[in-house]
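**Q** Attaching a single structure in structure tokens format; questions to follow.
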Amino acid sequence: MFPIDRAHACPTFEAYKLGDVSAFHAEQVPLTQRVAGSSSSAAAPLGFKELKTRAMHSPLATYDGTCGAYITENGGIILVSWSKTPITCTEICKLPSLVYSHYTDHLPSLCALGASGWLACGDTDTLMWVERGKYHWAFGTIVLPPIPTPIVDPNATGPPHFPWTLLQAEIQGDGLLYALLQRTLRTRPTSDGGRGASDSVREPLSTNTIFEVVLVCSGLEQEGDMAAELLWRVQCSEPVKYVQLAGPACLMGAEAPIEQCDDERPVQAVSSQTVPTERPTAEQAPYTWTQTDDTVMVALALPSHIRKEDIRAHFSLQGCSVSLSAAASSHTATTPSEHLLRDGGFTAQAVWGRIEPTNSVWDLETVGSAQLLTLHLAKAHTGTRWPHVFAHDDGVLETLDPSQLAAMAQGLAKYTQPISSSTLLHESLEEAGPSAPSLQLAWIAPDGQITKAAPDAHAFLARATPAHDPALLLQHDLDGHVFVPPSPIAWDAWSHAATMPAIGYVLASKREAHPVYMYRGTSTPTVLAAEPRFSREAHCQGSHVYVYGAADAQRGTSYMGAL
1 MFPIDRAHAC PTFEAYKLGD VSAFHAEQVP LTQRVAGSSS SAAAPLGFKE
51 LKTRAMHSPL ATYDGTCGAY ITENGGIILV SWSKTPITCT EICKLPSLVY
101 SHYTDHLPSL CALGASGWLA CGDTDTLMWV ERGKYHWAFG TIVLPPIPTP
151 IVDPNATGPP HFPWTLLQAE IQGDGLLYAL LQRTLRTRPT SDGGRGASDS
201 VREPLSTNTI FEVVLVCSGL EQEGDMAAEL LWRVQCSEPV KYVQLAGPAC
251 LMGAEAPIEQ CDDERPVQAV SSQTVPTERP TAEQAPYTWT QTDDTVMVAL
301 ALPSHIRKED IRAHFSLQGC SVSLSAAASS HTATTPSEHL LRDGGFTAQA
351 VWGRIEPTNS VWDLETVGSA QLLTLHLAKA HTGTRWPHVF AHDDGVLETL
401 DPSQLAAMAQ GLAKYTQPIS SSTLLHESLE EAGPSAPSLQ LAWIAPDGQI
451 TKAAPDAHAF LARATPAHDP ALLLQHDLDG HVFVPPSPIA WDAWSHAATM
501 PAIGYVLASK REAHPVYMYR GTSTPTVLAA EPRFSREAHC QGSHVYVYGA
551 ADAQRGTSYM GAL
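Numbering-wise (this note's numbering), the sequence shown opens with residue 1 and increments by one.
Here it is as structure tokens:
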């Protein structure tokens, strides 16, 4: 899928040298209104995968790099034009409440429809499109079709609501609009009655985060609501990183395989008036867990009649298995943890990282009128921080005590200090961090059939900007290879267009850099890596942007700079 062209090798490359910052020009534009942002609180925490999705959220939607648009915190769409000086900010319209209700903490999304139109998605099941005409702006709304939604809580009075996020949209020559949307689903596996479950309906005890992607199609009319048609839907255990629409087909990439959706789950229509399903609280969770540098501790509360002889525990390199004996199962379960053990929730479960089975132990101790079963899982890779315990369940957050939080804040203090002018090169080589995440590519045909690419040695580094450029920067060994898909988009081998030597090594050392983009508007590709925009200093003074590229046609000299 990604054949390497040795003609683009850089045998004369030596190193990235600090370039002349005066050669770069950056202009700050005061925005007339604030960009819509998150206001999530501790009462509704986000999981690891949900945080990854928000980190990938881009508030500015642009197509060809001459102008862009963003959604404000009060639901307005602002057009920013920088093709001419001075740079201007103009409000196009406001999103109506049927598109953006503000009832949830969901971030609205915006996609460019060519160079003169945009499609907006709020927190409801209605989209809004705007297009610039010769004399005025045209507007219209599109109602999403009923899409199957899993029932998470059987005791809920109404259907759950999972808001959508726009990934990409385009208008074909026949005037049809194709929109690709993604939503985060928090599903809970059902109990197997054959493994000791009671006849009464139980609340599911664990959750799993998946991402559902749908492609819808609609016409564009300025009067009335247009009804969109659902063409196909797929799902993935990781958020989608790369998409390229080809009408009713799509080229899609993520860190995990793209799969068909499970059509056997209960079906309910999406409702825009319900609140999202929240992560279970500590009191509802079937277990609690915490970790140190070398151990993960999982605690389960059990009734007093459970004895050590009733517990069956086994540890392996990639998982653990804990169950109760038949004698213990003769009693009525009284705690969520006991329900979980009886229903096989801890039987042959894969954990997030590898463990050392010989150093992993368990113990049962009496705490008041109950007992506490604690699993001590020895990490195979000391120092690795686990986002969750089990590979299939990311719904239980880690329990942190104040002393741990203080230690973490102290460890992060060095990243909040003013950056000195000598921190770019440090007069030595930078330590490389973890390898880049893999990219698993798939082709979804118009009928929804999925064709997957074979595993590849390349890893994902960056997407191209602006949005109309479909190229990718992939890592192979330490180099970054620029690949371009076939034109028109099809399921075929990509073309190797250029090589950025050692860029994978350089980006690995920038652990705090986010996001990373590649720009191909110059004679040679340029990589831009931005520091996080979430710190207080970034909001007040701006983030540093690192720029990497070739200084001239001679590939032996390359530059790096910081803005």
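All C-beta atoms in this analysis are idealised placements derived from N, C-alpha and C, irrespective of residue type, glycine included.
This structure is a prediction, so every number in the text was calculated from the model and none was measured.
(1) According to DSSP, Tyr242 sits in a beta bridge with which residue or residues?
(2) Could you tell me which of Ala115, Glu238, Pro515 and Leu324 sits nearest to Gln182, measuring between CA atoms?
(3) Quick check: the Cα distance between Thr32 and Leu119, rounded to an integer number of angstroms?
(4) Using 8 Å for Cβ pairs, my map puts Leu564 next to Tyr517. What's the rounded Cβ distance?
(5) Counting Cβ pairs, one atom from each stretch, are 3 or more of them under 8 Å apart for the segment 435-448 and the segment 226-233?
(6) With DSSP as the reference, identify every bridge partner of Ile77, one or two as the case may be.
(7) For a test of the three-state rule: what should DSSP assign to Asp310, helix, strand or coil?
(8) Thinking Gly133 and Gln440 are a contact (beta carbons under 8 Å), I'd like their distance in whole angstroms, please.
(9) Would you say Ser321 reaches chain C, if we count a Cβ-Cβ gap shorter than 8 Å as a contact?
(10) Could you give the DSSP three-state label for Glu170: helix, strand or coil?
(11) What is the DSSP secondary structure of His376, counted as helix, strand or coil?
(12) Give me the Cα-Cα distance between Ser304 and Ser316, rounded to the nearest whole angstrom.
(13) Checking 8 Å against the spacing of the C-beta atoms, do Trp362 and Leu372 come in under that value?
(14) For the putative contact between Leu127 and Thr104, defined by C-beta atoms under 8 Å, what is the C-beta separation to the nearest angstrom?
(15) Does Ala490 come out as helix, strand or coil in the three-state DSSP assignment?
(16) Give the range of the alpha helix (DSSP H) segment to which Leu439 is assigned.
(17) If we ignore side chains and look at the alpha-carbon of each, how far apart do Leu79 and Thr66 end up?
(18) Which of the three DSSP states is assigned to Ala55 in this structure?
(19) Could you pull out every residue in the same chain whose Cβ sits closer than 7 Å to the Cβ of Leu478, ignoring the five residues on either side in sequence?
(20) When you compare each of Ala249, Glu398 and His476 to Pro573 by their alpha carbons, which one comes out closest?
(21) Compute the Euclidean distance between the alpha carbons of Arg307 and Val389, then round it to the nearest angstrom.
(22) With a CB to CB cut of under 6 Å and the five nearest residues on each side skipped, what residues in its chain are close to Arg54?
(23) Grab the span of the beta strand (DSSP E) containing Arg233 for me, first residue to last.
(24) If contacts are defined as beta-carbon pairs under 8 Å, then Ala370 and Leu302 qualify, I think. What distance do you get, rounded to the angstrom?
(25) Taking the alpha helix (DSSP H) that Val29 belongs to, which residues open and close that run?
(26) Taking the alpha helix (DSSP H) that Tyr505 falls in, what are its first and last residues?
(27) Hey, Glu398 and Trp289: beta-carbon distance below 8 Å or not?
(28) Alpha carbons only, please: which of Pro336, Ala490, Val484 and Ser509 is nearest the one belonging to Ala498?
(29) On the DSSP bridge assignment, give the partners of Gln349 in chain order.
(30) Could you give the DSSP three-state label for Glu398: helix, strand or coil?
**A** Reading it off the structure:
(1) Gly253
(2) Per the Cα distances, Glu238.
(3) 21 Å
(4) Beyond the ends of the chain as shown, which are 1 and 563, falls residue 564; an answer cannot be given.
(5) yes
(6) For Ile77, which the question treats as bridged, DSSP gives the partners Ile71 and Cys93.
(7) helix
(8) Rounded to the nearest angstrom, the Cβ distance from Gly133 to Gln440 is 41 Å, too far for a contact under 8 Å.
(9) As a matter of chain content, chain C is missing from the structure shown, which is built from one protein chain.
(10) strand
(11) Shown here, His376 sits in a strand according to DSSP, grouped into three states.
(12) 28 Å
(13) Leu372 sits away from Trp362, with the two beta carbons spaced by 8 Å or more.
(14) The C-beta distance from Leu127 to Thr104 rounds to 16 Å, too long to fall under 8 Å, and the pair is not in contact.
(15) Ala490 falls in the coil class under three-state DSSP.
(16) Where Leu439 is concerned, there is no enclosing alpha helix (DSSP H), given that its DSSP letter is neither H nor E.
(17) If you take the alpha carbons of Leu79 and Thr66, they lie about 11 Å apart.
(18) helix
(19) Ala502, Gly504 and Tyr505
(20) One cannot answer for residue 573 here, as it falls past the ends of the chain, which runs 1 to 563.
(21) 25 Å
(22) none
(23) Glu229 to Cys236
(24) 7 Å
(25) Counting along the chain, Val29 falls outside any alpha helix (DSSP H), and DSSP gives it neither H nor E.
(26) Start and end: Ile503 to Ser509.
(27) yes
(28) Val484
(29) Partner residues in the beta bridge of Gln349, as assigned by DSSP, are Cys320.
(30) Three-state result, Glu398: coil.
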